[in-house]
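Colleague: Have a look at this one.
There are 2 protein chains.
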Amino acid sequence: MTDLKAKAGATDAGIDVKHMKWWGWGVEGVAFHHEDKPAFAPFVKKVVGVDLHGDAVAVAPSFDDLDIPASRLQAPVLAALSMIVGEGHVVLDDMSRVVHTYGKSIRDLIRIRNGVFPRVPDAVVYPATESEVAKIVATALEHDLVLIPFGGGSNIVGALEPQPHEERTVVSLDMGRLDRVLDIDEDSGLAVIQAGAQGPDMEEQLNAKGWTMGHFPDSFTHSTLGGWVATRSSGMQSDKFGDIADMTRGLRMVRPDGVVVIRAVPSASTGPSLREMIIGSEGRLGIITEVTVQVHRIPEKREILAYLFPSWEAGLKAMQAIAESDATPSVTRVSNEFETEMSFATSKESKGASALVMKGLQRFLKAKGWNLEKMCLSFIGYEGTDEHVDRNEKLVSKIVKKHGGMGVGKGPGVLYDQKKFDTPYLRDFFLDHGGAADVSETAAPWSKLLPLYREVYASANRAFDKIGVKGLVMAHLSHSYHSGACLYFTFAFEHGEAPLEQYDVVKKAIQDAFIVSGGTVSHHHGVGVEHSPWLADDVSVPGLALMQGLLDSADAGANFNPGKITGK
Amino acid sequence: MTDLKAKAGATDAGIDVKHMKWWGWGVEGVAFHHEDKPAFAPFVKKVVGVDLHGDAVAVAPSFDDLDIPASRLQAPVLAALSMIVGEGHVVLDDMSRVVHTYGKSIRDLIRIRNGVFPRVPDAVVYPATESEVAKIVATALEHDLVLIPFGGGSNIVGALEPQPHEERTVVSLDMGRLDRVLDIDEDSGLAVIQAGAQGPDMEEQLNAKGWTMGHFPDSFTHSTLGGWVATRSSGMQSDKFGDIADMTRGLRMVRPDGVVVIRAVPSASTGPSLREMIIGSEGRLGIITEVTVQVHRIPEKREILAYLFPSWEAGLKAMQAIAESDATPSVTRVSNEFETEMSFATSKESKGASALVMKGLQRFLKAKGWNLEKMCLSFIGYEGTDEHVDRNEKLVSKIVKKHGGMGVGKGPGVLYDQKKFDTPYLRDFFLDHGGAADVSETAAPWSKLLPLYREVYASANRAFDKIGVKGLVMAHLSHSYHSGACLYFTFAFEHGEAPLEQYDVVKKAIQDAFIVSGGTVSHHHGVGVEHSPWLADDVSVPGLALMQGLLDSADAGANFNPGKITGK
Numbered sequence: 001m002t003d004l005k006a007k008a009g010a011t012d013a014g015i016d017v018k019h020m021k022w023w024g025w026g027v028e029g030v031a032f033h034h035e036d037k038p039a040f041a042p043f044v045k046k047v048v049g050v051d052l053h054g055d056a057v058a059v060a061p062s063f064d065d066l067d068i069p070a071s072r073l074q075a076p077v078l079a080a081l082s083m084i085v086g087e088g089h090v091v092l093d094d095m096s097r098v099v100h101t102y103g104k105s106i107r108d109l110i111r112i113r114n115g116v117f118p119r120v121p122d123a124v125v126y127p128a129t130e131s132e133v134a135k136i137v138a139t140a141l142e143h144d145l146v147l148i149p150f151g152g153g154s155n156i157v158g159a160l161e162p163q164p165h166e167e168r169t170v171v172s173l174d175m176g177r178l179d180r181v182l183d184i185d186e187d188s189g190l191a192v193i194q195a196g197a198q199g200p201d202m203e204e205q206l207n208a209k210g211w212t213m214g215h216f217p218d219s220f221t222h223s224t225l226g227g228w229v230a231t232r233s234s235g236m237q238s239d240k241f242g243d244i245a246d247m248t249r250g251l252r253m254v255r256p257d258g259v260v261v262i263r264a265v266p267s268a269s270t271g272p273s274l275r276e277m278i279i280g281s282e283g284r285l286g287i288i289t290e291v292t293v294q295v296h297r298i299p300e301k302r303e304i305l306a307y308l309f310p311s312w313e314a315g316l317k318a319m320q321a322i323a324e325s326d327a328t329p330s331v332t333r334v335s336n337e338f339e340t341e342m343s344f345a346t347s348k349e350s351k352g353a354s355a356l357v358m359k360g361l362q363r364f365l366k367a368k369g370w371n372l373e374k375m376c377l378s379f380i381g382y383e384g385t386d387e388h389v390d391r392n393e394k395l396v397s398k399i400v401k402k403h404g405g406m407g408v409g410k411g412p413g414v415l416y417d418q419k420k421f422d423t424p425y426l427r428d429f430f431l432d433h434g435g436a437a438d439v440s441e442t443a444a445p446w447s448k449l450l451p452l453y454r455e456v457y458a459s460a461n462r463a464f465d466k467i468g469v470k471g472l473v474m475a476h477l478s479h480s481y482h483s484g485a486c487l488y489f490t491f492a493f494e495h496g497e498a499p500l501e502q503y504d505v506v507k508k509a510i511q512d513a514f515i516v517s518g519g520t521v522s523h524h525h526g527v528g529v530e531h532s533p534w535l536a537d538d539v540s541v542p543g544l545a546l547m548q549g550l551l552d553s554a555d556a557g558a559n560f561n562p563g564k565i566t567g568k
Numbered sequence: 001m002t003d004l005k006a007k008a009g010a011t012d013a014g015i016d017v018k019h020m021k022w023w024g025w026g027v028e029g030v031a032f033h034h035e036d037k038p039a040f041a042p043f044v045k046k047v048v049g050v051d052l053h054g055d056a057v058a059v060a061p062s063f064d065d066l067d068i069p070a071s072r073l074q075a076p077v078l079a080a081l082s083m084i085v086g087e088g089h090v091v092l093d094d095m096s097r098v099v100h101t102y103g104k105s106i107r108d109l110i111r112i113r114n115g116v117f118p119r120v121p122d123a124v125v126y127p128a129t130e131s132e133v134a135k136i137v138a139t140a141l142e143h144d145l146v147l148i149p150f151g152g153g154s155n156i157v158g159a160l161e162p163q164p165h166e167e168r169t170v171v172s173l174d175m176g177r178l179d180r181v182l183d184i185d186e187d188s189g190l191a192v193i194q195a196g197a198q199g200p201d202m203e204e205q206l207n208a209k210g211w212t213m214g215h216f217p218d219s220f221t222h223s224t225l226g227g228w229v230a231t232r233s234s235g236m237q238s239d240k241f242g243d244i245a246d247m248t249r250g251l252r253m254v255r256p257d258g259v260v261v262i263r264a265v266p267s268a269s270t271g272p273s274l275r276e277m278i279i280g281s282e283g284r285l286g287i288i289t290e291v292t293v294q295v296h297r298i299p300e301k302r303e304i305l306a307y308l309f310p311s312w313e314a315g316l317k318a319m320q321a322i323a324e325s326d327a328t329p330s331v332t333r334v335s336n337e338f339e340t341e342m343s344f345a346t347s348k349e350s351k352g353a354s355a356l357v358m359k360g361l362q363r364f365l366k367a368k369g370w371n372l373e374k375m376c377l378s379f380i381g382y383e384g385t386d387e388h389v390d391r392n393e394k395l396v397s398k399i400v401k402k403h404g405g406m407g408v409g410k411g412p413g414v415l416y417d418q419k420k421f422d423t424p425y426l427r428d429f430f431l432d433h434g435g436a437a438d439v440s441e442t443a444a445p446w447s448k449l450l451p452l453y454r455e456v457y458a459s460a461n462r463a464f465d466k467i468g469v470k471g472l473v474m475a476h477l478s479h480s481y482h483s484g485a486c487l488y489f490t491f492a493f494e495h496g497e498a499p500l501e502q503y504d505v506v507k508k509a510i511q512d513a514f515i516v517s518g519g520t521v522s523h524h525h526g527v528g529v530e531h532s533p534w535l536a537d538d539v540s541v542p543g544l545a546l547m548q549g550l551l552d553s554a555d556a557g558a559n560f561n562p563g564k565i566t567g568k
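Here the protein sequences line up with chains H and B, keeping their order. Numbered by the UniProt record's numbering, the letters in the first sequence go through residues 1 to 568 in order. Numbered by the UniProt record's numbering, the letters in the second sequence go through residues 1 to 568 in order.
The structure is reproduced here in structure tokens:
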């Protein structure tokens, strides 16, 4: 394949698109450290038995040790693609192809560290315009290629990987050059933005004109608008601004017969919603190139306050009461006791005055009769005019008190705000030390949340027993709605020789618990291949058949990211 | 067919399902009268030239004069259907079949008055359970029947009528016996309700337990939950409670391969949204039997206040400012000057004190420099705790003043609240007097509303000229959203010998204006056959093809209400 490489851009060095480190989350040189967090190592030792003071049992792998399957791209296809995007924008080198093979789930990280590459894309193509995307789609159909759109690469449900036995040429379509805010309709609060725009770049362009989109998923720093739409993302401030499905008004998606154009109208009664078919389509219906989203003027005031509750049950009840009240906070979040302990354990060492304050608080709460091991930390965010923020803080404060909780001020909220995008780094750090950790999230009606939560613990603990590990599940409520909320679970254990098999047992236990308890298979991570085994349980067999009918009719040749969502 | 009739229930006399009068809106004996509204006849004379003081040029037709095509139902199908629902619930009489042929659009009313029945359903079937619906669906596929679900019969986009050249047996599936509120999850604010429940019955069942759904379309008194979902309905209080698509969490829809069950979760990331495919599907994907909707505790306080604005532009700007503000009213509505004049003209004669107040107000406004002919009436609704209502009224009051408007108290709002469901009676009344009137509604971003509005007037006036009539268009903004609003147009003219051809010209002019101005083909009436000519313009040709693919894959035999939405 050397000839082909010489013809195409051998690497993406000259292409101005940011990618995460090939073997893990985030940018090179940034990682989680615990040396300045004295409570962290003892916490980890206690809950999952992993000794962080020992040597790392694994380190970031060496790329040179990996055996990367060669590109199968054929000369005519390379020529066709190069004609469209220019030779420098068809990239065939191993590193680029590996970066575009997986997302960043624990399954992805373990496979990449172990050089498990049943199939990597044969080329990475960087279109600069919708018209280039349209030509790539035409080429894909002409040559029977498989197209997999790629945004920031943060996916954790396997939506980016080629099917292992794919015989056809696989092209990863990196949308990173389509990264501009094209227009802001200031009268309507609507911004037209290209699908490949990454969170920080996009917010910067909007902020410069006084606007914000207000969509901040955990992956924000490394994910794209197109990716958010394609996976039905939800952000940390979605309580106020809505999930991506609520924010997304207009869309453009390239299909073989042209561009589907969804007008950015506030509401429409035009049959089954095409907008809502494209949202969540994970590349299976076509290539999303442009999205018109609701944007908001940067608020006068923005605050995140911290609260403590004597128990998880009290915290949940308080969030429910807030959702039922006239208060409209931007964030409602409460962690269970394990995640609360983890939060305190990841804080930097308290010294001097702040250590005294912390000890004073603990004494006070003990005197109040709290069991500090059951204490739950909550963050509630407020945005708007000074008056709106003040009023909402007062409304919430009353509700918190009524449920036995107490406010602990802005300090922890500021800290949360600074650290909020750092969590994904823990997956890599933990893996370095022989631990496996990942997440599962669901949504359910208020009435089902607590039974679901208990079932998740029971089911996960049975799974930990089965695989013979000391495991931990932590949880938080991350978003509130009128009729229910999202519960977000993090699970971790010290893995053995077959970490993926162990992971499968635990993951299955948790997803099964969602399904039997009336939750959904996923609240905002999507389906990909990771959640598709539970999709029929969630949407019913006839529902799945209806969805399959849509996918098959839209993609008879299975050229658009086949195998994702429905498994077919 | 006498034998068949003898076997089946000849009429629906014994079936406890309410229907509207066969030839028009609402219940027998209720109609619009203008005798007690002295300003009405002069207004109508002025704006469209129709003389209401003359004799009615038409009267409700006599059923006996009509020539109703006989039922084509064959004995084996009758037997099969009767086995499922019982003989008394398969109805073949002419009156029942006519009631189930059309909705209540002007096209429907004109056709029914003129005995135009290219095709009527061959039978009306009244299932009592989802399991009966499932058996009917199986029978439909076995015998290649056409199934058309029927709720309250209030549709105005032609979604209920059989295709004129349909050769197969057509069955109207009246959902009226599936009318119960099955369950209220008080913890989650979710009610499980059967699809055939009519608005008032449903609210009564909810109210009895302290709940309300808060969905009040114009058709409320004669429409069903299933119909609202199938057509993407929106209600008068949707500003606060959301459109039906927002309220609908869970769904059950019968398909040939079983029941699609959508879990009532607050949000989900499970691929293209099946929920949003079923909402708006107008019977084309299957039969909706049950819906889980968000419900709310009956508010402490509920008020509708009236406001006046010096111009339509000022009224629109004020609604936009309210949508951008911290205020969260339940209703935002402002009528243009023509509809305002019509509103005053349909008021009962003011006498004594109230006449003096009215005159005083007019003098006051003139002194302020208002041109009373440009004045626009607005209604804004508030619901919630006393404190919430008070606060919102204050917030809105400031915005109204800033835009040159003024509050005129509760009186008109109470009147509006009482009369709000009466408007559809006007269509029949006006037809009695030789006038044709109907409605078209759209939604567009704030920035496009005023240009769209002007284009509608220009385009409609060209149409009136073309058909040589004096016509009137009235408008109001009926719902506000973050990024735009719904504009609702009523048009009327004195029709000639070919009212439908004239209507077609005017209707086309208005829908064309929506499309060229960036609006949607319909905000909440649906597509049916009336709006399908504009669907490709709205959702783009590739978008329409994607939708057609879904419909074809879901209904290969075209047994589910064929021809609706996409025209195929």
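We put the CB at the ideal spot given by N, CA and C, even for glycine.
1. Three-state secondary structure (DSSP) at His-479 of chain H?
2. Within 9 Å (strictly less), CB to CB, does Ala-138 of chain B reach chain H?
3. With 9 Å as the threshold, decide whether the Cβ of Ile-278 of chain H is near any Cβ in chain B.
4. Under 9 Å Cβ-Cβ, which residues of chain H neighbour Ser-522 of chain B?
5. Please determine if the segment 42-52 of chain B and the segment 111-119 of chain B are in contact, where contact requires at least 3 C-beta pairs separated by less than 8 Å.
6. Are Thr-292 of chain H and Val-192 of chain H closer than 9 Å when you measure CB to CB?
7. Could you work out which residue in B:Arg-97, B:Asp-438, B:Gly-435 and B:Gln-502 is closest to Asp-465 of chain B when comparing CA atoms only?
8. How big is the Cα-Cα spacing for Glu-441 of chain B and Ala-245 of chain H?
9. When DSSP labels each residue in this structure, what does Thr-224 of chain H get in the three-state scheme?
10. Out of H:Thr-224, H:Val-124, H:Ile-106 and H:Pro-200, state which residue places its alpha-carbon closest to the alpha-carbon of Leu-173 of chain H.
11. Go ahead and label Gly-54 of chain H buried or exposed: buried means 16 or more other beta carbons lie within 10 angstroms of its beta carbon, across all protein chains shown.
12. Any beta-carbon of chain H closer than 9 Å to the one on Ile-399 of chain B?
13. Go ahead and pull the three-state DSSP assignment for Ala-13 of chain H.
14. Nearest CA to the CA of Asp-187 of chain B: which residue from H:Thr-423, H:Pro-445 and H:Phe-429?
15. Among H:Gly-528, H:His-525, H:Val-529 and H:Ser-540, which residue has its Cα nearest to the Cα of Gly-518 of chain H?
16. Taking Cβ positions only, does Gln-511 of chain H come closer than 9 Å to chain B?
17. Can you tell me the Cα-Cα spacing of Leu-372 of chain H and Val-408 of chain H, whole angstroms?
18. Write down every uninterrupted run of the beta strand (DSSP E) in the segment 209-275 of chain B whose length is 3 residues or greater and which is fully enclosed by it, in chain order.
19. Near Thr-2 of chain B, which residues of its chain fall below 8 Å by C-beta distance, leaving aside the five closest residues on each side in sequence?
20. Please classify Gly-369 of chain B as buried or exposed, where buried requires at least 16 neighbouring CB atoms within 10 angstroms.
21. Closest to Ile-322 of chain B by CA distance: which of B:Lys-240, B:Phe-338, B:Gln-362 and B:Gly-271 is it?
22. DSSP beta-bridge partners for Ser-172 of chain H?
23. In chain H, what lies closer than 9 Å to Val-527 of chain B by C-beta?
24. Where do the ends of the beta strand (DSSP E) carrying Gly-409 of chain H lie?
25. Within its chain, find whatever has a CB closer than 6 Å to the CB of Met-406 of chain H; leave out the 5 residues flanking it on each side and keep chain order.
26. So, with DSSP's three-state summary, where would you put Gly-286 of chain B?
27. Tell me, please, which residues DSSP counts as bridged to Val-334 of chain H.
28. Could you check whether Gly-210 of chain H and Phe-297 of chain H sit closer than 9 Å to each other, using their CB atoms as the reference points?
Modeller: Considering the structure as presented:
1. In the three-state reduction of the DSSP assignment, His-479 of chain H falls in the strand class.
2. With a threshold of 9 Å between beta carbons, Ala-138 of chain B makes no contact with chain H.
3. Yes, its Cβ sits closer than 9 Å to a Cβ of chain B.
4. Neighbours of Ser-522 of chain B on chain H, chain order: Ala-268, Ser-269 and Thr-270.
5. By the criterion of at least three beta-carbon pairs nearer than 8 Å, the segment 42-52 of chain B is not in contact with the segment 111-119 of chain B.
6. In this structure, Thr-292 of chain H sits near Val-192 of chain H, with a CB-CB distance shorter than 9 Å.
7. Checking every option, the nearest Cα to that of Asp-465 of chain B belongs to B:Gln-502.
8. It is roughly 24 Å from the alpha-carbon of Glu-441 of chain B to the alpha-carbon of Ala-245 of chain H.
9. Looking at Thr-224 of chain H - three-state DSSP - the assignment turns out to be strand.
10. The candidate whose alpha carbon is nearest that of Leu-173 of chain H is H:Val-124.
11. Gly-54 of chain H is classed as exposed because its beta carbon has fewer than 16 other beta carbons within 10 Å across all chains shown.
12. Contacts with chain H at 9 Å (Cβ-Cβ) do not include Ile-399 of chain B.
13. Here Ala-13 of chain H sits in coil by DSSP.
14. The option with the nearest alpha carbon to Asp-187 of chain B is H:Pro-445.
15. Across the set H:Gly-528, H:His-525, H:Val-529 and H:Ser-540, the C-alpha of H:Ser-540 shows the shortest separation from the C-alpha of Gly-518 of chain H.
16. Closer than 9 Å: no.
17. C-alpha separation (whole angstroms): 15 Å.
18. Counting only runs of 3 or more, we get 248-255 and 258-262.
19. Since pLDDT at Thr-2 of chain B reaches only 40, below the 50 mark, its modelled position is unreliable, and the value read off the structure follows with that caveat. Within the same chain, Thr-2 of chain B has no close Cβ partners at all.
20. Counting the other Cβ atoms within 10 Å of the Cβ of Gly-369 of chain B gives fewer than 16, which makes it exposed.
21. Of B:Lys-240, B:Phe-338, B:Gln-362 and B:Gly-271, the residue nearest in Cα terms is B:Lys-240.
22. Ser-172 of chain H is bridged to H:Val-124 and H:Ile-148.
23. By Cβ distance, chain H contributes Ser-269, Thr-270 and Gly-271.
24. Annotation: the continuous beta strand (DSSP E) that includes Gly-409 of chain H extends over 406-409.
25. Contacts found: Leu-308.
26. Look at Gly-286 of chain B here: in three-state DSSP terms it is coil, with no helix or strand label.
27. According to DSSP, residue pairing for Val-334 of chain H in a beta bridge involves H:Ser-378 and H:Leu-477.
28. Checking the sequence shown, residue 297 of chain H turns out to be Arg, not Phe. If you check the CB distance, Arg-297 of chain H and Gly-210 of chain H come in under 9 Å.
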